[in-house]
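Taking it in order: structure first as structure tokens, then the write-up.
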Amino acid sequence: LLICMHFSSAGCDGYNTKVCGGLNMILLWEMFFVTVLIYLVVLIPFSVFFYEADDGTLMGGPKQSRLKNALIWQSVVTFIVSIIFTVFFFLLSTTDIPVKEYDAPSLSGSAVFYTDDYTLVDPNMAFSKSMLDGLSLLDVVTNLRVVELDVSHIEIQVNVITFFTAFLCFSGWLVFCIFGGVGLASIPIDL
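Quick note on my numbering: the sequence shown kicks off at 867 and runs consecutively.
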């Protein structure tokens, strides 16, 4: 349902917010992915630890708290996952975006240029759509003078939530590729 809401509210968080209610979809998606992170790191492991905890009464020993046992193991899991996320965030949280640069002459400094019917036009006048259709002689000449420069890279720091989302997707994909073929045959009968 979140995807449907995204398409109906796309682009409405900046201006004209009366049309779609002004939902900030970027924030909503980030909240959704943080919720997934909380489920994977906190709720699911805690539920498993609480279910598997032994209260000690089966073997006649002193009664132990299942909640305390589950919280101890949950704190261990949270500590290990936070260390892994922190290390990977500091090592892999930048992205290099390749950018191909071109060097071309500017038309703004020229006194005149040609349209489709080779009439002279002042560069400061407003264009109509018919003037922009097709290539004029000057456009062809300008295109011949375009020089391709080397590919450069822009290095950008990735947002924490975006990084954790990508890291969870990659690690989940990897785990699914390894264990996806196991299927229901591996589930114990007594669960």
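Every residue, glycine too, gets a C-beta built ideally from N, C-alpha and C.
| Item | Value |
| --- | --- |
| Looking only at DSSP bridge pairs, what is Y968 linked to? | E1014 |
| Can you give me the Cβ contacts of Q940 inside the same chain, cut-off strictly under 8 Å, excluding the 5 residues immediately before and after it? | V908, P911, F912, F915 |
| Helix or strand or just coil, what does DSSP make of Q1023? | strand |
| Thinking C-beta only, is D969 closer than 8 Å to S1013? | A small fix is needed here, since residue 1013 is Val in this sequence, not Ser. In this structure, D969 lies closer than 8 Å to V1013 by Cβ. |
| Locate the alpha helix (DSSP H) running through Y917, then write down its first and last residues. | 910 to 918 |
| Here's the rule I'm using: 16 or more other beta-carbon atoms within 10 Å means buried, otherwise exposed. How should G975 be labelled? | Confidence is the limiting factor: at G975 the pLDDT is only 41, short of 50, which leaves the residue's position unreliable and the question unanswerable from this model. |
| Alpha carbon to alpha carbon, how far is N935 from A919? | 6 Å |
| Taking just the CA atoms, how far does R932 sit from Y917? | 8 Å |
| Relative to the alpha-carbon of F1030, which residue among V947, G1047, D1016 has its alpha-carbon at the smallest distance? | V947 |
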